[in-house]
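*Asks:* Pasting in a structure now, in structure tokens, and then I'll have a few things to ask.
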Amino acid sequence: MFGRSDSSPLDTSMKMIEKLIKEWNLDPEKLKDKQKNLWYLKQGSADFHIEIFKYNKGQNYGEVDCIEVGAIIMKLPDENILPFYRKLLELNSTSVGVYFALRGNLVMLISTRECEGIDYQELKVMVDEVRFFADYWDDILMKEFGGTK
Numbered sequence: 006m007f008g009r010s011d012s013s014p015l016d017t018s019m020k021m022i023e024k025l026i027k028e029w030n031l032d033p034e035k036l037k038d039k040q041k042n043l044w045y046l047k048q049g050s051a052d053f054h055i056e057i058f059k060y061n062k063g064q065n066y067g068e069v070d071c072i073e074v075g076a077i078i079m080k081l082p083d084e085n086i087l088p089f090y091r092k093l094l095e096l097n098s099t100s101v102g103v104y105f106a107l108r109g110n111l112v113m114l115i116s117t118r119e120c121e122g123i124d125y126q127e128l129k130v131m132v133d134e135v136r137f138f139a140d141y142w143d144d145i146l147m148k149e150f151g152g153t154k
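Following this note's numbering from start to finish, the sequence shown increments by one per residue and tops out at 154.
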């Protein structure tokens with residue numbers, strides 16, 4: 006269904022995202038940013054997004070379409086920042102397919118990959134890992150380090 010040779014990786018990825026959202030009995034059009042290929046969702050206490058974006062791989066490769074599944078875990082805590090960073094790095098070293106990152110003062114849990122060659126099961130795993138682990142870790146990290154959403 007998704008592997009047709011006449012479909013671009015972007016089109017195929019968008020169809021897979023819409024299928025996944027429909028499987029949750031949600032309307033992808035109601036969750037989509039009208040200006041971007043970006044959908045906003047929620048799992049427990051964690052808000053997350055699925056986005057398709059252009060990434061420039063450099064002069065030899067040019068731009069490619071990529072998928073990001075990301076969730077805001079919390080704002081950076083005001084104190085104990087070095088122990089907090091250490092905790093995130095330790096969690097990154099034991100994670101598969103997801104990683105903690107900073108965007109400004111926000112702590113994110115993210116999974117990314119190029120759209121080329123992605124299949125439905127891989128997309129589903131990316132989304133499930135981010136949404137479940139974000140919902141799990143947000144409360145634990147905020148309690149331990151005093152951050153807020």
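Yeah, the Cβ is synthetic: ideal placement off N, Cα and C, and Gly gets one too.
#1: Measuring straight from C-alpha to C-alpha, what distance separates S100 and Q40?
#2: Taking only the alpha-carbon atoms, compute the straight-line gap between I26 and D32 and give it to the nearest angstrom.
#3: I need the boundaries of the beta strand (DSSP E) containing D140, first residue and last residue.
#4: Could you work out which residue in W29, S116 and W142 is closest to L96 when comparing CA atoms only?
#5: In whole angstroms, give me the CA-to-CA distance for S12 and A51.
#6: Tell me which residues share the same chain as K129 and place their Cβ nearer than 7 Å to its Cβ, disregarding the 5 neighbours each side in the sequence.
#7: Cβ of E56 within 8 Å of Cβ of L43?
#8: Quick one: complete alpha helix (DSSP H) runs, 4+ long, within the region 10-91?
#9: Going by C-alpha distance, which of V74, E23, G49 and E28 is nearest K37?
#10: Indicate the three-state DSSP secondary structure (helix, strand or coil) for S98 in the structure shown.
#11: Just checking my contact of I78 with V112 at CB under 8 Å: how many whole Å lie between their CB atoms?
#12: On the three-state DSSP scale, how would you describe F105?
#13: Please list, in chain order, all residues of the same chain as F138 whose beta carbon is under 7 Å from its beta carbon, the five residues on each side excluded.
*Replies:* By the coordinates alone:
#1: For this step, residue 100 is matched to residue 95 along the sequence shown. For this step, residue 40 is matched to residue 35 along the sequence shown. Their backbone Cα atoms lie some 32 Å apart in a straight line.
#2: Locating residue 26 in the sequence shown gives position 21, where the first residue counts as 1. Locating residue 32 in the sequence shown gives position 27, where the first residue counts as 1. I26 and D32: Cα-Cα distance of roughly 7 Å.
#3: Position 135 of the sequence shown, counted from the start, is the residue given in the question as residue 140. First-last for D140: Y125 to F150, but that is the alpha helix (DSSP H), not the beta strand (DSSP E).
#4: Taking the sequence shown and counting its residues from 1, the one referred to as residue 96 is at position 91. When only C-alpha atoms are compared, the closest one is W142.
#5: As a working note, residue 12 is residue 7 in the sequence shown. As a working note, residue 51 is residue 46 in the sequence shown. When the Cα atoms are used, S12 and A51 turn out to be separated by approximately 33 Å.
#6: Indexing the sequence shown from 1 puts residue 129 at position 124. Non-local beta-carbon contacts of K129 in its own chain, meaning distances under 7 Å to residues more than five positions away in sequence, involve L25 in chain order.
#7: Numbered from its first residue, the sequence shown carries residue 56 at position 51. Numbered from its first residue, the sequence shown carries residue 43 at position 38. By the CB criterion at 8 Å, E56 and L43 fall inside the cutoff.
#8: You should have 14-28 and 33-36.
#9: In the sequence shown, residue 37 corresponds to position 32, counting from 1. For K37, the nearest C-alpha among the options comes from E23.
#10: Indexing the sequence shown from 1 puts residue 98 at position 93. Helix, per DSSP.
#11: Start at 1 with the first residue of the sequence shown, and residue 78 comes out as number 73. Start at 1 with the first residue of the sequence shown, and residue 112 comes out as number 107. The pair is a contact, with the Cβ atoms about 4 Å apart (cut-off 8 Å).
#12: For this step, residue 105 is matched to residue 100 along the sequence shown. Correct three-state label for F105: strand.
#13: One-based indexing of the sequence shown puts residue 138 at position 133. Same-chain partners within the cutoff: V103 and L114.
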